[in-house]
Structures are given as C-alpha cells and as structure tokens.
Amino acid sequence: MQDMVSLLPHAKKDSKVESKQSKGAALNELVELRSCSSCLFFECRKQKDLYLWMVKSPGGPSVKFLVNAVHTMEELKLTGNHLKGSRPLLTFSTNFDEQPHWKLVKEMLTQVFATPKDHRKAKPFHDHVFVFSIVDGHVWFRNYQISVPHNEIDKVDKGGLDKMTLIEVGPRFCLNPIKIFAGSFGGPTLYENPYYISPNQIRALEKRKKAGKYAKKVKAKVRRKMHEMENTLEPDEFADMWKGED
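Under full-length UniProt numbering, residues 1 to 246 are what the sequence shown spells out, in order.
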C-alpha cells in the first residue's frame, strides 16, 4: 500500500475501515468527504488473502480483484528510480480491446492511475511508465523508469526514442478479476470470471491431497500387516543353535 500511495501523488490515503455490514456506504461517504471520484480499497481476509476494490464513486461501476504475486520495491531492490510525484505514461497490451469487460477495466485503470496534469502535488513531466498486460486472464503491473543520456555531448533529440531505455523500478503485482458490479461496492453483476477459484477452495484441495497421501500410507501399513499374517515365516532351524554354549 505504501508503494501504491507513493506512485499516485494525487491519491489521498485514509485509515482502516472497521465496519463490515455497511462497508460500501461508509466508503462512499468517505470518498465524498475527500472530494474524490475513484477509490482503491484493499481488503485482507484471514491474514492471507488480499483483495482490491477499484471503484468509481458514487455511481459505479466497481471491480473486485484478488491480488497475487506482490513484490514491493524494498523487496525487489531494483536499480531503476524516478522522481516522486512525476506523472506516468500508461501503456496497455492490445488484448485489453478484445472484450467488453477488459475495455471497462482499462478505462478504470486509466482514470485511477493517470495523474492529472494540473494537480498541485504532481510534477509537470513524465519520467516513468506503468505497464498493464493481460496474461492468462490476469492483469500484470510493472513500473519502469525512462532513462535517457544527460551529458551535453549526447543529447536526445525530440523523438529520439532509440536512445531511451527502460529500467524497472517496482513494485510488481498481479490482479485476478473476480466480478464487475454496476454500482459502487455492489449492485447488479456485469461480469463474473468463470475461471476464478477462491483461495479457500485451493487450500481445501491441498488439504484433501495431503489427507489422501496419509490415507494411502495407512492403507499400505494395513495391507503389509495382513500380508505378514497370511504369509507367516517358517521357524528357523538355526535360531537356537548357540543358546546352549552360554
């Protein structure tokens, strides 16, 4: 979350929301009090699973994601670096324009992550790129610094993109879409991911696999005992050979 706030100079961070039953109403009221039109709400469950609500308030729509493969800037320790508060360029893979729900997600990502030009905390130039790519039905995020030579001998001409390089800064994360709702934090379902499997189901399958392995071990022990009982060894004629010598 700290990395996300640092990437969005126009964002307004707020404290935790405790209300569970009226979470949507409380968040919509909070967004209105902050004079915002969009909201990123991180929801952590069981101290394991992280969900992200991307919402246009108060009228919607809203998208719920499962956040996977999170790597913070501190964890990655990459060489890229850009000025805090500078505006990003947003790039999207071509498959964002193939289906209607991806077009909606693209528009919401644009409105949330694009820093307004005249915002008081934003610097009036671009020195990094946000890359959004769809791979296997997941949205992958990368952040790259735009590196250009700064010496006086080798200045970059206008349009000289061949001399520019991209250096990754971080963070990295993956968004797995779950549902798209027509309203803010709820409402009619516009899209539901048919390939989504909840973390609870994955953990239950893993438990069943482990239980199956244990059951196989128990059955193998029982079969071994039954085999030993059915096939008793004949007494060894040399078993008592050296007893009398003591």
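Glycine residues also receive a C-beta, built at the ideal position from the N, C-alpha and C atoms.
Just to confirm, is the Cβ distance from L175 to V139 under 8 Å?
yes
Express the C-alpha separation of L40 and D14 in angstroms, rounding to a whole number.
11 Å
For a quick check, are the C-beta atoms of S35 and K56 less than 8 Å apart?
no
6 Å CB neighbourhood of S147 in its chain, flanking five on each side removed:
T165 and I167
Let me know the secondary structure DSSP gives R87 once reduced to three states.
strand
W242 - partner residues in DSSP beta bridges:
DSSP, once it has assigned bridges, lists no residue as partnering W242.
Do the CB positions of L78 and V169 come within less than 8 Å of each other?
yes
Sort T115, E43 and E107 by Cα distance to A11 and report the nearest one.
T115
Mind checking P177: buried by the 16 CB within 10 Å criterion, or exposed?
buried
So, are the CB atoms of P9 and K117 less than 8 Å apart?
no
Starting from the C-beta of E62, find all residues in its chain whose C-beta is less than 8 Å away, skip the five residues before and the five after it, and write them out in chain order.
One point to set straight first is that residue 62 is Ser, not Glu, in the sequence displayed. For S62, where only same-chain residues beyond five positions count, the Cβ hits under 8 Å are W53, M54, V55, K56, I180, F181, G183, S184, F185, G186 and G187.
Could you tell me whether the Cβ atoms of F173 and V70 are closer together than 8 Å?
yes
Please report how far the alpha carbon of M1 lies from the alpha carbon of L205, in whole angstroms.
30 Å
Same chain, Cβ closer than 6 Å to F92, five either side skipped, listed in chain order:
K106 and F132
How would you label D97, buried or exposed, when you count the other beta carbons within 10 angstroms and need 16 or more for buried?
exposed
Buried or exposed: where does P171 fall if 16 or more other Cβ atoms within 10 Å of its Cβ makes it buried?
buried
DSSP-derived helix/strand/coil call for K13:
coil
Go to R172, then tell me how far its alpha helix (DSSP H) extends in each direction, as first and last residue.
Per DSSP, R172 belongs to no alpha helix (DSSP H); it is in the beta strand (DSSP E), R172 to G183.
C-alpha distance - N95 paired with A220, whole-angstrom precision:
51 Å
Reduced DSSP category for P199 - H, G, I as helix; E, B as strand; rest coil:
helix
Could you name the residues of the same chain whose beta carbon sits closer than 8 Å to that of H101, not counting the 5 residues immediately before and after it, in chain order?
P177, I180, L190 and Y191
Looking only at its chain, what residues have a beta carbon closer than 8 Å to the beta carbon of L83, apart from the 5 residues adjacent to it on each side?
K123 and D127
For M73, which of C44, Y196 and L7 has the nearest alpha-carbon?
L7
Taking only the alpha-carbon atoms, compute the straight-line gap between N200 and Q47 and give it to the nearest angstrom.
13 Å
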